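Q: Sharing a structure below in structure tokens format, with a few things to ask.
There are 2 protein chains.
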Amino acid sequence: MTSQTLTVPQRIDAAIAELAPHFAERLSRNPSVCEQHAHGEGYHARHFPHAVIFAQSTQEVSQILRVCNAWRAPVVPFGAGTSLEGQVNAIEGGISIDLSRMDKVLEVNAGDMDCRVQAGVTRQALNAYLRDEGLFFPVDPGGEATIGGMCATRASGTGAVRYGTIRENVLGLTVVLADGRVMQVGRRVRKSAMGYDLTHLMIGSEGTLGIITEVQVRLHGVPETLAAAVCQFDTLADCVNTAVQVMQMGVPIGRMELLDDVQMDACIRFSKLEGFRPVPTMFFEFAGGPEAVREQVALVEDIVAENHGSAFTWSTREQERAELWKARHAVYWACLAYRPGYTGISTDAIVPISALTDMILGAKKDIEDSGITAPIVGHIGDGNFHTVMLVPEGEDWLAKAHALDRRIIARALSLGGSASGEHGVGLAKMEFMPDEHDAVALDVMRAIKHALDPNGILNPGKLLPAVAAHPKACQPA
Amino acid sequence: MTSQTLTVPQRIDAAIAELAPHFAERLSRNPSVCEQHAHGEGYHARHFPHAVIFAQSTQEVSQILRVCNAWRAPVVPFGAGTSLEGQVNAIEGGISIDLSRMDKVLEVNAGDMDCRVQAGVTRQALNAYLRDEGLFFPVDPGGEATIGGMCATRASGTGAVRYGTIRENVLGLTVVLADGRVMQVGRRVRKSAMGYDLTHLMIGSEGTLGIITEVQVRLHGVPETLAAAVCQFDTLADCVNTAVQVMQMGVPIGRMELLDDVQMDACIRFSKLEGFRPVPTMFFEFAGGPEAVREQVALVEDIVAENHGSAFTWSTREQERAELWKARHAVYWACLAYRPGYTGISTDAIVPISALTDMILGAKKDIEDSGITAPIVGHIGDGNFHTVMLVPEGEDWLAKAHALDRRIIARALSLGGSASGEHGVGLAKMEFMPDEHDAVALDVMRAIKHALDPNGILNPGKLLPAVAAHPKACQPA
Chain P
1 MTSQTLTVPQ RIDAAIAELA PHFAERLSRN PSVCEQHAHG EGYHARHFPH
51 AVIFAQSTQE VSQILRVCNA WRAPVVPFGA GTSLEGQVNA IEGGISIDLS
101 RMDKVLEVNA GDMDCRVQAG VTRQALNAYL RDEGLFFPVD PGGEATIGGM
151 CATRASGTGA VRYGTIRENV LGLTVVLADG RVMQVGRRVR KSAMGYDLTH
201 LMIGSEGTLG IITEVQVRLH GVPETLAAAV CQFDTLADCV NTAVQVMQMG
251 VPIGRMELLD DVQMDACIRF SKLEGFRPVP TMFFEFAGGP EAVREQVALV
301 EDIVAENHGS AFTWSTREQE RAELWKARHA VYWACLAYRP GYTGISTDAI
351 VPISALTDMI LGAKKDIEDS GITAPIVGHI GDGNFHTVML VPEGEDWLAK
401 AHALDRRIIA RALSLGGSAS GEHGVGLAKM EFMPDEHDAV ALDVMRAIKH
451 ALDPNGILNP GKLLPAVAAH PKACQPA
Chain C
1 MTSQTLTVPQ RIDAAIAELA PHFAERLSRN PSVCEQHAHG EGYHARHFPH
51 AVIFAQSTQE VSQILRVCNA WRAPVVPFGA GTSLEGQVNA IEGGISIDLS
101 RMDKVLEVNA GDMDCRVQAG VTRQALNAYL RDEGLFFPVD PGGEATIGGM
151 CATRASGTGA VRYGTIRENV LGLTVVLADG RVMQVGRRVR KSAMGYDLTH
201 LMIGSEGTLG IITEVQVRLH GVPETLAAAV CQFDTLADCV NTAVQVMQMG
251 VPIGRMELLD DVQMDACIRF SKLEGFRPVP TMFFEFAGGP EAVREQVALV
301 EDIVAENHGS AFTWSTREQE RAELWKARHA VYWACLAYRP GYTGISTDAI
351 VPISALTDMI LGAKKDIEDS GITAPIVGHI GDGNFHTVML VPEGEDWLAK
401 AHALDRRIIA RALSLGGSAS GEHGVGLAKM EFMPDEHDAV ALDVMRAIKH
451 ALDPNGILNP GKLLPAVAAH PKACQPA
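Protein sequence lines, in the order shown, are assigned to chains P and C. What the first sequence shows, in UniProt numbering, is residues 1 to 477, in sequence order. What the second sequence shows, in UniProt numbering, is residues 1 to 477, in sequence order.
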């Protein structure tokens, strides 16, 4: 009996039967365990895997893939389940490989400011581990994400404006290929010109080219001086223009986050922020040596004044700073609490900084026209912003939300932007791949996918549309 | 008559015959033109192309590749011919595609600090073009390289310690594939999570996966304050330790270059540097706001003092600064002038910063043991350094130089480093690919090469060894 003669469910069952003895109670078909692995934090319908395996080592992931590849059974890597675009949903069933128990920090090289972690280590756990080293890992998407998952989705967050995204903060990876072979990519050096950049090919591939089991990450020294400030504006335009000018002046700002009037209203209620009005607001963090910080603050205060912003409200004590950024990171929950029982659907568009004012004012109008409550929050220094579209039960509202998302993305693409700054493609953004990439680039992506995963077992049905929805002619520039 | 029934030279001639009418005098079989395109600036034997075509547009490159792919005729992209590892040598003959006439700056977006250039624009030409914008392109490998060539070889240089390599400074590319199809990869945004990172796959692929014809590059604001200083040390260890501590303190240094005693001797003679001794020396550049620079200088002066360095010799006037960095960029020519008639063979190892002192002191001893004159110069903040091995005529000396290079690379790899920080693989570093990458990673690179260039016409015989010289078992970590 070969895998050729069997149906997909039969092949999956055969793979599970072959793996079960090796994993005992770490292989679960329990419905509630499968339900936990049927979704991320997005709004999408659940897609259950047939089984979940809690892997503890690269060798175990290799063994699972060897067996699943032989049976042509789908596998979906699962970290913390915090992705928003359906990346972890098992849309063809199969085996969800849960990596959360691979949670060891393997090595810290303080002198080189790098360390090696297993894929299941969360950024919070790593930073707690590093607390006494005077070092930290700067990529901060907000959620309790695993570092492996952050690599898979090319995650980013509030620190990216200063320290870059996960892409700039990974030196190397251990990757298990579809057939179970294991490869090391990248080295501990800051740069190398020795061959194809497989590290960056894997980052953002969402488990469709291989499964990341270890990550060599860059670390950064905890800045000597950290100061956080909040500044409020009467108009959204003044607020966005401030961010644009801060970037164009080349200020090495630590963090810079925009919250619109509706988002501030939600945050003031949810996080009990005292002394703030529900108006367009900017959260700043300044980091560096004391002199450098003083210099940055003076520059930004001038820019704020020119744009009619309020005086800064400072949070210099660590406690206050933590409160402020906790409130920022709680925006998604603040939004859900703002319209109890509603579903929150996050957009993720990004544009070049010079287009940001047009983009955000345009998005604000699109939102008003749609009749949907949709607070805006943005990693504004990167040109990336989110609107959490809050919709009640019902297909028609979901359709309205998707229509609004499409309008926002169309506007971003027309301004030279991208449909996703940091949440990735998953299921939800696949329809936009042909709008963002020409048909030739999509063909190249498919050729690479086929070369690395000929049986199509790795997170099938994600990231890459099987055929371009509306292919473009290839355009010699 | 199909390409199947012909010999390689017949196929090349057939492709040239088909292309000749379209390119007229821009297709040359002139021996001196072919000789100019038979080598870079490295020491390797020349390998002549059968013809050189001076392309003027992406469409023309597409047309050449369509024809050469149909005839299975080799093509080699050629920019300024400044590569050092044999990347442009036409080792199987064929057509050298000279992109130097594609030298237009297509678009500058000052507000977004990016611009779009044709592949043949040199970094000097771009910076001259940008002079009045208050912006600059920071990747500076020294030579008069083209930006397309810098992308193809993943170039770097003295500015990388502050601004990153070409990898961190490219947003997108126009690439012509082996079959002549053209794709756009990347967008103008600072980050995106929409699909596979084809931009970084192409960067460093040395023309083996596609030919880069346009580049969207990041620019940076010219710093408000720039100051250059030179500092001398009695011992190499003190000099290297200073660099290591500057990096470990997280000082955002603008440039930091090490020259050992022999290199300083060569530079003092060649560039008429006044008032310096032929001892281990560091060139620093500080960049930023005046307060930030003052802070950096104070920090670095303390570190220098702790390591028994001399007082700083300052070059604050632009003229002096230009002289100093001109001398730094002339080191290769200074080395050649140091031993007239000798051949210069540059090494390019890189290690994690904490291993730098062991690495450089070890390399210095390896050099002394070898009896070869080999000045050391380094982009020391990156952990990357070069030794220019100066050897007289004769196979035995060439063999001695290669033995020294192998010793230096073996030491670098044993310290977690890489065989090439910035010069690339080309012909010269291919033998080290199996030492640096495991057999599985090499197989993946070969699978990608085969998927994108099934006929193997793109810069054949470069970068990727056909079979691993001494394959390693794949090592589940």
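Quick reminder that beta carbons are idealized off the backbone N, C-alpha and C, glycines included. All values derive from a computational prediction rather than experimental measurement.
Under the DSSP definition of a beta bridge, which residues are partnered with Pro77 of chain C?
A: Within the second sequence, residue 77 of chain C is the residue found at index 77, counting from 1. In DSSP, Pro77 of chain C forms a bridge with C:Ile97.
Q: If you draw a straight line from the C-alpha of Gln10 of chain C to the C-alpha of Phe23 of chain C, how long is it?
A: Residue 10 of chain C sits at position 10 when you count from the first residue of the second sequence. Residue 23 of chain C sits at position 23 when you count from the first residue of the second sequence. Answer to the nearest angstrom: the Cα atoms are 20 Å apart.
Q: By Cβ distance below 6 Å, which residues in the same chain neighbour Tyr338 of chain C in space, the five residues on each side in sequence not counted?
A: Translated into positions along the second sequence, residue 338 of chain C becomes position 338. Within the same chain, Tyr338 of chain C has close Cβ partners Ala266.
Q: Would you say Gln475 of chain P reaches chain C, if we count a Cβ-Cβ gap shorter than 9 Å as a contact?
A: Here residue 475 of chain P is taken as the residue at index 475 of the first sequence, counted from 1. Residue confidence for Gln475 of chain P is low, a pLDDT of 32 falling below 50, so the modelled location carries little weight; the figure read from the coordinates is stated next. Yes, Gln475 of chain P lies at the interface with chain C (some Cβ there is under 9 Å from its Cβ).
Q: How many Å lie between Arg66 of chain P and Gly421 of chain C at the Cα?
A: By one-based count along the first sequence, residue 66 of chain P stands at place 66. By one-based count along the second sequence, residue 421 of chain C stands at place 421. Their Cα atoms are separated by approximately 35 Å.
Q: At a Cβ threshold of 9 Å, is Asp265 of chain C touching chain P?
A: As a position in the second sequence, residue 265 of chain C is number 265, starting the count at 1. For Asp265 of chain C, the answer is no, since every Cβ of chain P falls outside 9 Å of its Cβ.
Q: What first and last residue would you give for the alpha helix (DSSP H) that runs through Gly148 of chain P?
A: The residue you call residue 148 of chain P lines up with position 148 of the first sequence. Note, Gly148 of chain P: alpha helix (DSSP H), 147-153.
Q: Who are the near neighbours of Thr58 of chain P in its chain, counting only those whose CB is closer than 7 Å to its CB and skipping five residues on each side?
A: Looking up residue 58 of chain P in the first sequence gives position 58. Answer for Thr58 of chain P: Thr174, Val176, Val182, Thr213, Glu214, listed in chain order.
Q: Give the residues of chain C in contact with Gly456 of chain P, contact being defined as C-beta atoms less than 7 Å apart.
A: Here residue 456 of chain P refers to the residue found at position 456 when the first sequence is read from its first residue. Per Cβ cutoff of 7 Å: no residues; Gly456 of chain P is ~15 Å from chain C at best.
Q: Please say whether Ala412 of chain C and Ala327 of chain C have beta carbons closer to each other than 9 Å?
A: Here the question's residue 327 of chain C lines up with position 327 in the second sequence. Here the question's residue 412 of chain C lines up with position 412 in the second sequence. It is not a contact, given that the beta carbons lie outside the stated cut-off.
Q: Report buried or exposed for His200 of chain C, applying the criterion of at least 16 other Cβ atoms within 10 angstroms of its Cβ.
A: To locate residue 200 of chain C, count along the second sequence from 1; it is residue 200. Label assigned to His200 of chain C: buried.
Q: Using a Cβ-Cβ cut-off of less than 7 Å, list which residues of the region 190-214 of chain P approach chain C; keep chain order.
A: Going along the region 190-214 of chain P in chain order, one finds Arg190, Lys191, Ser192, Ala193, Met194, Gly195, Tyr196, Asp197, Leu198, His200, Leu201, Ile203, Gly204, Ser205, Glu214 with a Cβ nearer than 7 Å to chain C.
Q: Under 9 Å, CB to CB, which of the residues in the region 265-289 of chain P have a partner in chain C?
A: Listed by position, the residues of the region 265-289 of chain P near chain C (Cβ gap below 9 Å) are Gly288, Gly289.
Q: At what residues does the alpha helix (DSSP H) containing Val391 of chain P begin and finish?
A: Residue mapping note: residue 391 of chain P aligns to position 391 of the first sequence, counting from 1. For Val391 of chain P, no alpha helix (DSSP H) segment is defined; the enclosing uninterrupted segment is the beta strand (DSSP E) at 384-391.
Q: Could one say the Cβ of Pro460 of chain C lies closer than 9 Å to chain P's Cβ atoms, at least one of them?
A: Working through the second sequence from its first residue, we reach residue 460 of chain C at position 460. Not an interface residue.
Q: Assign Asn384 of chain P to one of two classes, buried (16 or more other C-beta atoms within 10 Å of its C-beta) or exposed (fewer than that).
A: Here residue 384 of chain P is taken as the residue at index 384 of the first sequence, counted from 1. Asn384 of chain P comes out buried.
Q: Any idea if Glu35 of chain P is buried or exposed, counting beta-carbon neighbours within 10 angstroms, 16 or more meaning buried?
A: For the purposes of this step, residue 35 of chain P is taken as the residue at position 35 of the first sequence. Exposed is the call here.
Q: So, Glu285 of chain P versus Leu219 of chain P, is the Cβ gap smaller than 9 Å?
A: Position 285 of the first sequence, counting from 1, holds the residue named residue 285 of chain P. Position 219 of the first sequence, counting from 1, holds the residue named residue 219 of chain P. Contact: no.
Q: Can you find a C-beta in chain P that's less than 9 Å from the C-beta of Asp382 of chain C?
A: Locating residue 382 of chain C in the second sequence gives position 382, counting from the first residue. It does; some Cβ of chain P falls within 9 Å.
Q: Cα-Cα, which of P:His329, P:Gln232, P:Glu295 is closest to Lys277 of chain P?
A: For the purposes of this step, residue 277 of chain P is taken as residue 277 along the first sequence, with counting starting at 1. Sequence inspection shows Arg at residue 277 of chain P; the Lys mentioned does not correspond to that position. Residue P:Gln232 is the option with its Cα nearest to Arg277 of chain P.
Q: So which residues on chain C does Asn241 of chain P lean against when the C-beta distance must stay under 9 Å?
A: Translated into positions along the first sequence, residue 241 of chain P becomes position 241. Within chain C, no residue comes near Asn241 of chain P; the closest Cβ sits about 12 Å away, beyond 9 Å.
Q: Any idea if Lys191 of chain C is buried or exposed, counting beta-carbon neighbours within 10 angstroms, 16 or more meaning buried?
A: Numbered from 1 along the second sequence, position 191 holds the residue referred to as residue 191 of chain C. Per the 10 Å Cβ criterion, buried.
Q: Please work out which residues of its chain come closer than 6 Å, Cβ to Cβ, to Val297 of chain C, disregarding the five sequence neighbours upstream and downstream, and give them in chain order.
A: Along the second sequence, one-based indexing puts residue 297 of chain C at 297. Excluding sequence neighbours, Val297 of chain C sits near Phe286.
Q: At least one CB of chain C closer than 9 Å to the CB of Ile253 of chain P: is that the case?
A: Taking the first residue of the first sequence as position 1, residue 253 of chain P is located at position 253. Ile253 of chain P does not count as touching chain C.
Q: Determine the extent of the beta strand (DSSP E) in which Ala447 of chain C is found, giving its start and end residues.
A: As a working mapping, residue 447 of chain C is identified with position 447 in the second sequence. No beta strand (DSSP E) contains Ala447 of chain C, which is instead part of the alpha helix (DSSP H) from 439-452.
Q: For Met247 of chain P, name the three-state secondary structure that DSSP assigns.
A: If you number the first sequence from 1, residue 247 of chain P lands on position 247. Three-state DSSP puts Met247 of chain P in a helix.
Q: With 8 Å as the C-beta to C-beta threshold (strictly closer), list the residues of the region 109-143 of chain P near chain C in chain order.
A: Result list: Asn109, Gly111, Asp112, Met113, Asp114.
Q: Might you give, ordered along the chain, the residues of its own chain that have their beta carbon closer than 8 Å to the beta carbon of Ala237 of chain P, omitting 5 neighbours on each side?
A: In the first sequence, residue 237 of chain P corresponds to position 237, counting from 1. The residues are Thr357, Leu361.
Q: Hey, does Gly362 of chain C have any beta-carbon neighbour from chain P nearer than 9 Å?
A: The residue you call residue 362 of chain C lines up with position 362 of the second sequence. Chain P contact via Cβ: absent.
Q: Is Arg407 of chain P helix, strand or coil when you go by DSSP?
A: The sequence position of residue 407 of chain P within the first sequence is 407, counting from 1. It is helical.
Q: Evaluate contact between the region 452-465 of chain C and the region 117-136 of chain C, counting only Cβ atoms and requiring at least three cross-stretch pairs below 8 Å.
A: Three or more Cβ pairs closer than 8 Å define a contact, and the region 452-465 of chain C falls short of that threshold against the region 117-136 of chain C.
Q: Kindly identify the DSSP beta-bridge partner or partners of Met183 of chain C.
A: Against the second sequence, residue 183 of chain C aligns to sequence position 183. The partner list for Met183 of chain C (beta bridge, DSSP) reads C:Val175.
Q: Asp438 of chain C versus chain P: which residues are under 7 Å apart at the beta carbon?
A: The residue given as residue 438 of chain C occupies position 438 in the second sequence. Among the residues of chain P, those whose CB is under 7 Å from the CB of Asp438 of chain C are Met183, Gln184, following chain order.
Q: Got a sec? Which residues, its chain only, sit under 7 Å from His47 of chain P by beta carbon, not counting five neighbours each side?
A: Within the first sequence, residue 47 of chain P is the residue found at index 47, counting from 1. Within the same chain, His47 of chain P has close Cβ partners Ala38, Asn89, Ala90, Ile91.
Q: Expressed to the nearest angstrom, what Euclidean distance is found between the alpha-carbon atoms of Ala334 of chain P and Arg269 of chain P?
A: Taking the first sequence and counting its residues from 1, one reaches residue 334 of chain P at position 334. Taking the first sequence and counting its residues from 1, one reaches residue 269 of chain P at position 269. The alpha-carbon atoms of Ala334 of chain P and Arg269 of chain P are separated by roughly 8 Å.
Q: In this structure, does DSSP put Phe284 of chain P in helix, strand or coil?
A: Within the first sequence, residue 284 of chain P is the residue found at index 284, counting from 1. Correct three-state label for Phe284 of chain P: strand.
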